[in-house]
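**Student:**
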Amino acid sequence: MNLKKSGICLGIAITALQCCAFAAAQEPPRVFAGAAENTPSRAEYFSWINNVNVGSSEKQTLTNLAFFDWLKHEYGAQLDIYAWDVGQIDTAGTYGSMTSDKFKAHYPNGFAPIAQKAKSLGIAMGLWAGPDGFGNTPADEQARTDMMVGLVRDSGIGLFKMDTYCTDLRPEKQDAFIRMMTACRAVNPDLILLNHRISLGRAAPYATTSLWEGAETYIDVWMPNHSTAPHHRAGALSRGLPPNLTRLVEDHGVCLSSCLDYWEDDVVLQAFNRSLLLAPELYGNPWLLRDDEFPRLARFLNLHHRYGDLLVHGMRLPEATYGPNAVSRGDSSTRLITLRNLTWNPIKYAVKLDGEIGLAGAGRVALRRFHPSERDLGTFPFGSAAEIEVAPFRSCLLLATTGEVGELGVSGSDFEVVRDTPGRPATIKLLGLPGS
4 MNLKKSGICL GIAITALQCC AFAAAQEPPR VFAGAAENTP SRAEYFSWIN NVNVGSSEKQ
64 TLTNLAFFDW LKHEYGAQLD IYAWDVGQID TAGTYGSMTS DKFKAHYPNG FAPIAQKAKS
124 LGIAMGLWAG PDGFGNTPAD EQARTDMMVG LVRDSGIGLF KMDTYCTDLR PEKQDAFIRM
184 MTACRAVNPD LILLNHRISL GRAAPYATTS LWEGAETYID VWMPNHSTAP HHRAGALSRG
244 LPPNLTRLVE DHGVCLSSCL DYWEDDVVLQ AFNRSLLLAP ELYGNPWLLR DDEFPRLARF
304 LNLHHRYGDL LVHGMRLPEA TYGPNAVSRG DSSTRLITLR NLTWNPIKYA VKLDGEIGLA
364 GAGRVALRRF HPSERDLGTF PFGSAAEIEV APFRSCLLLA TTGEVGELGV SGSDFEVVRD
424 TPGRPATIKL LGLPGS
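Using this note's numbering, read the sequence shown as starting at 4 and increasing by one per residue.
1. Classify residue 196 as helix, strand or coil using the three-state DSSP reduction.
2. Are the Cβ atoms of residue 38 and residue 193 separated by less than 8 angstroms?
3. Would the stretch 61 to 72 count as touching the stretch 306 to 317 if we require 3 or more Cβ pairs under 8 angstroms?
4. Quick check: the stretch 262 to 278 against the stretch 350 to 366, are at least 3 beta-carbon pairs closer than 8 angstroms?
5. Would you list the residues sitting across from residue 399 in a DSSP beta bridge?
6. Which residue wins for smallest C-alpha separation from residue 243, given the options 210, 279, 212?
7. Helix, strand or coil: how does DSSP classify residue 349 here?
8. What are the boundary residues of the beta strand (DSSP E) that includes residue 187?
9. How big is the Cα-Cα spacing for residue 84 and residue 299?
10. Per DSSP, what are the beta-bridge partners of residue 225 in this structure?
11. Return helix, strand or coil for residue 54, following the three-state DSSP convention.
12. Figure out for me which residue from 431, 355, 430, 422 has the closest Cα to the Cα of residue 79.
13. What does DSSP give as the partner residue(s) for residue 331 in the beta ladder?
14. Got a sec? Which residues, its chain only, sit under 6 angstroms from residue 250 by beta carbon, not counting five neighbours each side?
15. Sort out for me which residues DSSP pairs residue 431 with in a bridge.
16. Would residue 435 be called buried (16 or more neighbouring beta carbons within 10 Å of its own) or exposed?
17. When you compare only the Cα positions, how much space is there between residue 235 and residue 102?
18. Let me know the secondary structure DSSP gives residue 230 once reduced to three states.
19. Leaving out five residues before and five after residue 120 in sequence, what residues of the same chain have Cβ atoms less than 7 angstroms from its Cβ?
20. For the beta strand (DSSP E) containing residue 367, list its first residue and its last residue.
21. Does the Cβ of residue 377 have 16 or more other Cβ atoms within 10 Å, making it buried, or fewer, making it exposed?
22. May I ask you to list the residues that DSSP assigns as paired with residue 285?
23. Could you check whether the stretch 182 to 196 touches the stretch 106 to 119, counting it as contact only if at least three pairs of C-beta atoms, one from each stretch, sit closer than 8 angstroms?
24. I'd like to check one pair, residue 350 with residue 393: are the Cβ atoms closer than 8 angstroms?
25. State the Cα-Cα distance for the pair residue 129 and residue 213, rounded to the nearest angstrom.
26. Can you tell me the Cβ-Cβ gap for residue 222 and residue 258, rounded? I've got them flagged as a contact below 8 angstroms.
27. Considering only residues of the same chain and omitting the five flanking positions on each side of residue 52, which have a CB-CB separation below 6 angstroms?
28. Could you say which of 112, 75, 347 lies nearest to residue 230 if we only look at CA atoms?
29. Given the structure, does residue 165 come close to the ligand COA, in the sense that its CB is under 7 angstroms from one of the ligand's heavy atoms?
30. Under DSSP, the alpha helix (DSSP H) around residue 383 begins and ends at which residues?
31. What is the rounded straight-line gap between the Cα of residue 271 and the Cα of residue 139?
32. Quick check on DSSP: helix, strand or coil for residue 162?
33. Which of the three DSSP states is assigned to residue 408 in this structure?
34. If you draw a straight line from the C-alpha of residue 428 to the C-alpha of residue 206, how long is it?
35. Count the other CB atoms within 10 Å of the CB of residue 324; is the residue buried (16 or more) or exposed (fewer)?
36. Work out the CA separation of residue 238 and residue 220 for me, nearest whole Å.
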């Protein structure tokens, strides 16, 4: 009887061990996928619409980088990632190589001149690619892996955007994909991988982000208005928030190509409301903005970098009080608050300057509006409510702090910070009427 009981116990123990082993085998590997939820955002530009399927060229890319060089020198704006979109190596339905005639015609010196220029500006490069390209032989697989690792090592690639627009990943090549990404991250552990609709299967943990809602934000092409509005970006401004305010998704950023009016409101919600890993994220042709709009673009880039560590912590605000998809980001002493108005009439919101927006403490709270124009709104007793008016079909960005604002500004007038660049004279444009 004791032996039988022992046998039963032994059998149960073995079965339990087998179950544990099976469960362990089924668990996805723990992988650092290049970033975490609390990784500060990285400002990115990607070149879709500036180039299409045929790809870009060395001259075109260096010209574009010269724009961001100028934006940095003139206004102090730092871009973190410049990403080539489709067509540099891979394109729709086709896997290429850096030895092809097409690549050599577009980039006769390889990517070396681009990598050198980008590095001098503190910019990492990114590249659009398909997820496969491993061919049908071990030699094909190794060649693809070697090329991708070489791009990370030699060309300063800090981001891969992999898209089913090329092809999907064959199920039998998931292990090859894992080996490739493991080798790439051995070179750069912070390598970002954007998953644009790829079926990665067991390789899924190696992707940093996925395309949120599968939606691309090409204004009036893939993201039109859903109701009448005074400008073309109402549809973009109506986008909500990712589940649980997760930041490891990609919202495809802000299109700067067609219908440029009110792009600023779009940037405010993309960069400070959702504040995803890639933010501000821009694509198209930002050099088509008006001259007076370049300092505004730079101001958003500068503010986002300045408050980057705070923007990773967010909370939704009550819709009944603050309207749809309002968010407060920051810590117990400083909050950045985003509001919106998708109606035809101005709306006044009562912003409670206490724990309701995430502040803690006592004393007084300084309030600054950064958008749609900048204004010193004054200081208020902790726990009081400040009335904030948001114009029709616009967004609003506020700073509330129990400490010092620490930003250039004036009192008594709306204004625009044109230049706040270390080592250069500051420039502020007053927007009030004469005599105000």
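Just so you know, even glycine gets a beta-carbon here, dropped at the ideal spot from N, CA and C.
**Tutor:** Reading from the atomic positions:
1. One-based indexing of the sequence shown puts residue 196 at position 193. Residue state for residue 196 is assigned as strand, using DSSP reduced to three classes.
2. Sequence index remark: in the sequence shown, residue 38 carries index 35 (1-based). Sequence index remark: in the sequence shown, residue 193 carries index 190 (1-based). Less than 8 angstroms divides the Cβ of residue 38 from the Cβ of residue 193.
3. no
4. no
5. On the sequence shown, residue 399 is found 396 positions in, with the first residue counted as 1. Partner(s): 342.
6. Here residue 243 refers to the residue found at position 240 when the sequence shown is read from its first residue. Here the closest residue by C-alpha is 279.
7. Taking the sequence shown and counting its residues from 1, one reaches residue 349 at position 346. Coil, per DSSP.
8. Here residue 187 corresponds to residue number 184 of the sequence shown, with the count starting at 1. Run containing residue 187: none in the beta strand (DSSP E); it sits in the alpha helix (DSSP H), 177 to 190.
9. As a working note, residue 84 is residue 81 in the sequence shown. As a working note, residue 299 is residue 296 in the sequence shown. Their backbone Cα atoms lie some 19 angstroms apart in a straight line.
10. As a first step, residue 225 must be located in the sequence shown, where it is residue number 222. Partner(s): none; residue 225 has no beta bridge.
11. Within the sequence shown, residue 54 is the residue found at index 51, counting from 1. In this structure, residue 54 counts as strand in the three-state DSSP scheme.
12. Taking the first residue of the sequence shown as position 1, residue 79 is located at position 76. Among 431, 355, 430, 422, the Cα nearest to that of residue 79 belongs to 422.
13. Translated into the one-based positions of the sequence shown, residue 331 becomes position 328. Paired residues: 318, 340.
14. Counted from its first residue, the sequence shown places residue 250 at position 247. If we look at residue 250 and ignore the five residues flanking it on each side, its Cβ neighbours are 40, 279, 280.
15. What you label residue 431 is simply residue 428 of the sequence shown in a count that begins at 1. In the DSSP output, where bridge partners are listed per residue, residue 431 has 420.
16. Walking along the sequence shown from the start, residue 435 turns up at place 432. Residue 435 comes out exposed.
17. Counting from 1 along the sequence shown, the entry for residue 235 is found at position 232. Counting from 1 along the sequence shown, the entry for residue 102 is found at position 99. Roughly 43 angstroms between the two C-alpha positions.
18. Numbered from 1 along the sequence shown, position 227 holds the residue referred to as residue 230. Coil.
19. One-based indexing of the sequence shown puts residue 120 at position 117. Within the same chain, residue 120 has close Cβ partners 65, 68.
20. Within the sequence shown, numbered from 1, the residue matching residue 367 stands at position 364. Counting along the chain, the beta strand (DSSP E) containing residue 367 begins and ends at 367 to 374.
21. Working through the sequence shown from its first residue, we reach residue 377 at position 374. Under this definition residue 377 is a buried residue.
22. As a first step, residue 285 must be located in the sequence shown, where it is residue number 282. Paired residue(s): 48, 257.
23. no
24. Sequence index remark: in the sequence shown, residue 393 carries index 390 (1-based). Sequence index remark: in the sequence shown, residue 350 carries index 347 (1-based). With respect to the 8 angstroms criterion, residue 393 and residue 350 are classified as neighbours on the basis of their beta carbons.
25. As a first step, residue 129 must be located in the sequence shown, where it is residue number 126. As a first step, residue 213 must be located in the sequence shown, where it is residue number 210. The alpha-carbon atoms of residue 129 and residue 213 are separated by roughly 16 angstroms.
26. As a first step, residue 222 must be located in the sequence shown, where it is residue number 219. As a first step, residue 258 must be located in the sequence shown, where it is residue number 255. Right, the Cβ-Cβ distance comes to about 5 angstroms (below 8 angstroms), so this counts as a contact.
27. In the sequence shown, counting from the first residue as 1, residue 52 sits at position 49. The answer, listed in chain order, is 260, 287.
28. Stepping through the sequence shown from its first residue, residue 230 is reached at position 227. The option with the nearest alpha carbon to residue 230 is 347.
29. Among the ligands in the structure shown, none appear at all, so the ligand COA cannot be discussed.
30. Numbered from 1 along the sequence shown, position 380 holds the residue referred to as residue 383. It is not in any alpha helix (DSSP H) - residue 383 instead sits in the beta strand (DSSP E) that spans 378 to 384.
31. Reading the sequence shown from its first residue, position 268 is the one you call residue 271. Reading the sequence shown from its first residue, position 136 is the one you call residue 139. About 47 angstroms.
32. Within the sequence shown, the letter at position 159 stands for residue 162. Correct three-state label for residue 162: strand.
33. The residue given as residue 408 occupies position 405 in the sequence shown. Three-state result, residue 408: coil.
34. The count along the sequence shown starts at 1 and reaches residue 428 at position 425. The count along the sequence shown starts at 1 and reaches residue 206 at position 203. Approximately 51 angstroms between the Cα atoms of the pair.
35. Position 321 of the sequence shown, counted from the start, is the residue given in the question as residue 324. Result: exposed.
36. If you number the sequence shown from 1, residue 220 lands on position 217. If you number the sequence shown from 1, residue 238 lands on position 235. Cα to Cα, residue 220 sits roughly 9 angstroms from residue 238.
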